[in-house]
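Peer 1: Before anything else, here's the structure in question.
Protein chains in written order, with the working numbering: chain L, 99 to 399; chain Y, 99 to 399.
Next comes the structure, spelled out in structure tokens:
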């Protein structure tokens, strides 16, 4: 079943203790869709400027991602992000950002995509997310991401949007900020009171937490020792989760758990290279291997 | 089989967002032994001053902990600690500390305890830990804890002591400081190069990590929503781990994993009250219940 993602497409320049790259493919919807495509048919909706070289999307074409929803807007420039990671590389320092086309009107959903059953609204202004949620109001599953900026400055719009989605994926700092609770289980329960049926709280190297109406699940991160560039890790995780859910056509507790395990494993690949190189190259066999390893390292029966 | 612990016995005054207590029972060996006693016979070795009211040890007596190694030193005063937790309560702020008897000669091991097969050396000066390790050089299992102070100021003595023990339990910040690695799996492997056969890295609310010569294991923390006072949490965890290992008389990978699960569960009780109140009251049935719950919330088969 088709999974549609709306989100940013960007041109990134990234520096980490392991090196630097300039003008490489990035953006939340890119990482998300490359990851999700391991499990489902993916439709990408986003906007780039006329400076964007469409050949950069070759890795997406190879994964049969439908890029029919990528609009090249004349007179506009592509979103650009310049970031730096230091030390433990837990947090990106934004060195420079040009919103460009992301500061203009949102992307349009092609008519051919209107029958999408699974929708992921990557991080953007909550009002725009709500608009998209409205377009797909009869979809089986609508999940969104958000960020500190909206939690702090667009609280009302965000609350409004949360009532229109089934799931929220966010990181632990955002969950604490949104709910005022230091305890993540409590934070998760408060998020459910805001509308979603489930929330997945990402904890980086510490894994992730699922709080659902009828489930609670804690998953460790796949313990990789090789981190070259963490950019896109959270979007890759979300892509694995949503891709698996869409591929299975179910969203019950056990399926959500298995989906998170896939997300955790795929995220362990993306951080092993700059940009999408390692993610684009990952095979189903490699995913299965790490999945078995993740099970092995977390079992105490 | 008998498990011996050497460590601090203290009189604590603690303030958290949930209240405050004054002059209550505390100290690493106290939390450790009350926890370990759920699974094994425990022998406690420590020193208090003549100001110490031995009736405070009533909870230990009720758990049949052998307190024959508690020396009441005349002319000395008991170790006292005053701490405060704020916000997420992840870190204790030390408001006041009186080393008192802990700044004097270490405890003596009673002759009746010389046949102890399992030894836990709670955090103290590494030279003293090495002395104890020497006393029990033919023990089946010697595990130690440490802290930033020794890692930073007594590096040589600590390295020396690490070669005399089988296991090291420490928290993630300490593991990073000791090894210079941000990555905890890498940090764990470096610790094994320093001597121990295994290390358990405690990650607080994020659980714990085992790195052993032939095993790697990640365990979530039991997801409690009720944290009243985190004091003693790490010592309680270590007590559960060592108590279970001693009770089983084995220390292979699967047993270590099950031991850590017990440690994680008991630690979820201790934080639900000030001092040792909740820990002293916990029953085997309650432990089994949470153990089943911990399995349930971490399964994704």
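Here a beta-carbon is modelled for each residue, glycine too, at the ideal position from N, C-alpha and C. Values in this document were obtained by computation on a predicted structure and should not be read as measured data.
On a CA-only basis, which of 390(Y), 395(Y), 367(Y) is nearest residue 132(Y)? Give me that one, please.
Peer 2: The count along the second chain starts at 1 and reaches residue 132(Y) at position 34. Comparing Cα-Cα distances from residue 132(Y) to each of 390(Y), 395(Y), 367(Y), the minimum goes to 367(Y).
Peer 1: Alpha carbon to alpha carbon, how far is residue 475(Y) from residue 176(Y)?
Peer 2: Because chain Y spans 99 through 399 in this model, residue 475(Y) falls outside it and cannot be assessed.
Peer 1: Tell me the start and end of each unbroken beta strand (DSSP E) in the region 152-200 of chain Y that is at least 3 residues and wholly inside, in chain order.
Peer 2: 164-171, 177-183, 190-196
Peer 1: When you compare the CB positions of residue 179(Y) and residue 124(Y), do they come within less than 8 Å of one another, or not?
Peer 2: Taking the second chain and counting its residues from 1, the one referred to as residue 179(Y) is at position 81. Taking the second chain and counting its residues from 1, the one referred to as residue 124(Y) is at position 26. With respect to the 8 Å criterion, residue 179(Y) and residue 124(Y) are classified as neighbours on the basis of their beta carbons.
Peer 1: Looking at residue 337(Y): is its Cβ nearer than 8 Å to the Cβ of residue 319(Y)?
Peer 2: As a working note, residue 337(Y) is residue 239 in the second chain. As a working note, residue 319(Y) is residue 221 in the second chain. The answer is no: Cβ separation not under 8 Å.
Peer 1: Taking the alpha carbon of residue 289(L) as the point to measure from, which residue in 270(L), 363(L), 345(L) has its own alpha carbon closest?
Peer 2: Here the question's residue 289(L) lines up with position 191 in the first chain. Checked all of 270(L), 363(L), 345(L); the closest Cα to residue 289(L) is 270(L).
Peer 1: Can you give me the Cβ contacts of residue 226(L) inside the same chain, cut-off strictly under 7 Å, excluding the 5 residues immediately before and after it?
Peer 2: For this step, residue 226(L) is matched to residue 128 along the first chain. Counting only Cβ-Cβ distances below 7 Å, and skipping sequence neighbours, we find 204.
Peer 1: Specify the secondary structure class of residue 339(L) as computed by DSSP and reduced to three states.
Peer 2: The sequence position of residue 339(L) within the first chain is 241, counting from 1. Three-state DSSP puts residue 339(L) in a helix.
Peer 1: Would you give the residue range spanned by the beta strand (DSSP E) that residue 289(Y) belongs to?
Peer 2: Position 191 of the second chain holds residue 289(Y). Not the beta strand (DSSP E): residue 289(Y) falls in the alpha helix (DSSP H), residues 282-291.
Peer 1: Does DSSP classify residue 376(Y) as helix, strand or coil?
Peer 2: Residue numbering aside, residue 376(Y) sits at position 278 when the second chain is read from its first letter. If DSSP states are grouped into helix, strand and coil, residue 376(Y) belongs with the helices.
Peer 1: How should residue 381(Y) be labelled, buried or exposed, when 16 other C-beta atoms within 10 angstroms of its C-beta is the threshold for buried?
Peer 2: The residue given as residue 381(Y) occupies position 283 in the second chain. Under this definition residue 381(Y) is an exposed residue.
Peer 1: Select from 206(Y), 147(Y), 323(Y) the residue whose C-alpha is nearest the C-alpha of residue 279(L).
Peer 2: What you label residue 279(L) is simply residue 181 of the first chain in a count that begins at 1. Nearest of 206(Y), 147(Y), 323(Y) to residue 279(L), Cα basis: 323(Y).
Peer 1: With three or more C-beta pairs closer than 8 Å as the rule, is the region 180-195 of chain L touching the region 325-340 of chain L?
Peer 2: yes
Peer 1: Counting beta carbon pairs with one atom in the region 211-222 of chain Y and one in the region 151-162 of chain Y, are three or more of them shorter than 8 Å?
Peer 2: no
Peer 1: Taking the CB atoms as reference points, tell me whether residue 240(L) and residue 217(L) lie closer together than 8 Å.
Peer 2: Translated into positions along the first chain, residue 240(L) becomes position 142. Translated into positions along the first chain, residue 217(L) becomes position 119. Yes, they are a contact pair.
Peer 1: I'd like the list of long-range same chain contacts for residue 315(L), defined as Cβ closer than 8 Å, with 5 residues on each side in sequence excluded.
Peer 2: Counting from 1 along the first chain, the entry for residue 315(L) is found at position 217. For residue 315(L), where only same-chain residues beyond five positions count, the Cβ hits under 8 Å are 307, 308, 351, 354, 355, 358.
Peer 1: According to DSSP, residue 216(Y) sits in a beta bridge with which residue or residues?
Peer 2: Here residue 216(Y) refers to the residue found at position 118 when the second chain is read from its first residue. Residue 216(Y) pairs with 101(Y), 239(Y).
Peer 1: Against chain Y, does residue 314(L) count as a neighbour if the rule is that its beta carbon must be under 8 Å from one of theirs?
Peer 2: Within the first chain, the letter at position 216 stands for residue 314(L). At least one C-beta of chain Y is nearer than 8 Å to the C-beta of residue 314(L).
Peer 1: Report all residues from its chain with a CB closer than 8 Å to the CB of residue 165(Y); omit the five preceding and five following residues, and keep chain order.
Peer 2: Within the second chain, numbered from 1, the residue matching residue 165(Y) stands at position 67. Excluding sequence neighbours, residue 165(Y) sits near 142, 155, 158, 159.
Peer 1: Can you give me, in chain order, the residues of the region 355-366 of chain L that have a beta carbon less than 8 Å from any beta carbon in chain Y?
Peer 2: 355, 356, 358, 359
Peer 1: Buried or exposed: residue 192(Y), going by 16 or more other Cβ atoms within 10 Å of its Cβ?
Peer 2: Residue 192(Y) sits at position 94 when you count from the first residue of the second chain. Residue 192(Y) comes out exposed.
Peer 1: In chain order, what residues of the same chain have a beta carbon less than 7 Å from the beta carbon of residue 245(Y), not counting five sequence neighbours either side?
Peer 2: One-based indexing of the second chain puts residue 245(Y) at position 147. Only 221, 272 meet the Cβ criterion.
Peer 1: Rounded to a whole number of angstroms, what is the C-alpha to C-alpha distance between residue 147(L) and residue 169(L)?
Peer 2: Sequence index remark: in the first chain, residue 147(L) carries index 49 (1-based). Sequence index remark: in the first chain, residue 169(L) carries index 71 (1-based). Distance between the alpha carbons of residue 147(L) and residue 169(L): 8 Å.
Peer 1: Mind listing the chain L neighbours of residue 283(Y)? Cutoff is C-beta to C-beta under 9 Å, in chain order.
Peer 2: In the second chain, residue 283(Y) corresponds to position 185, counting from 1. Here the neighbours are 321, 322, 323.
Peer 1: Determine, using beta carbons only, whether residue 398(Y) comes closer than 8 Å to chain L.
Peer 2: Here residue 398(Y) is taken as the residue at index 300 of the second chain, counted from 1. Answer yes: the Cβ-Cβ gap between residue 398(Y) and chain L drops below 8 Å somewhere.
Peer 1: Could you pull out every residue in the same chain whose Cβ sits closer than 6 Å to the Cβ of residue 173(Y), ignoring the five residues on either side in sequence?
Peer 2: By one-based count along the second chain, residue 173(Y) stands at place 75. Answer for residue 173(Y): no residue qualifies.
Peer 1: When Cβ atoms are compared, which residues of the region 206-229 of chain Y fall closer than 8 Å to chain L?
Peer 2: none
Peer 1: Please state whether the Cβ-Cβ distance between residue 385(L) and residue 360(L) is less than 8 Å.
Peer 2: Your numbering for residue 385(L) matches position 287 in the first chain. Your numbering for residue 360(L) matches position 262 in the first chain. Yes; because the gap between Cβ atoms is below 8 Å, this pair is in contact.
Peer 1: Hey, how far is the Cα of residue 397(L) from the Cα of residue 298(Y)?
Peer 2: Here the question's residue 397(L) lines up with position 299 in the first chain. Here the question's residue 298(Y) lines up with position 200 in the second chain. Looking at the two C-alpha atoms, the distance is approximately 16 Å.
Peer 1: Three-state secondary structure (DSSP) at residue 306(Y)?
Peer 2: Here residue 306(Y) refers to the residue found at position 208 when the second chain is read from its first residue. The three-state reading of DSSP puts residue 306(Y) in strand, counting E and B together.
Peer 1: Can you check whether the CB of residue 167(L) is closer than 8 Å to the CB of residue 105(L)?
Peer 2: Mapped onto the first chain, residue 105(L) falls at position 7. Mapped onto the first chain, residue 167(L) falls at position 69. Cβ distance not < 8 Å, so residue 105(L) and residue 167(L) don't count as in contact.
Peer 1: What residue does the beta strand (DSSP E) around residue 109(Y) start on, and which one ends it?
Peer 2: Translated into positions along the second chain, residue 109(Y) becomes position 11. Taken as a continuous stretch (DSSP letters only), the beta strand (DSSP E) holding residue 109(Y) covers 108-114.
Peer 1: Using the three-state DSSP reduction, which class does residue 313(Y) fall into: helix, strand or coil?
Peer 2: Taking the second chain and counting its residues from 1, one reaches residue 313(Y) at position 215. Strand.
Peer 1: The beta strand (DSSP E) that contains residue 368(L), what's its start and end?
Peer 2: Numbered from 1 along the first chain, position 270 holds the residue referred to as residue 368(L). Here residue 368(L) belongs to no beta strand (DSSP E); instead the alpha helix (DSSP H) covers 351-368.
Peer 1: Anything in chain Y within Cβ reach of residue 280(L), meaning under 7 Å, just list it in chain order.
Peer 2: Numbered from its first residue, the first chain carries residue 280(L) at position 182. In chain order, 185, 186 make up the part of chain Y whose C-beta sits under 7 Å from the C-beta of residue 280(L).
Peer 1: Contact defined as beta carbons within less than 8 Å: I believe residue 294(Y) pairs with residue 260(Y). What is the distance between those atoms, to the nearest angstrom?
Peer 2: Counting from one through the second chain, the residue named residue 294(Y) turns up at place 196. Counting from one through the second chain, the residue named residue 260(Y) turns up at place 162. The pair is a contact, with the Cβ atoms about 6 Å apart (cut-off 8 Å).
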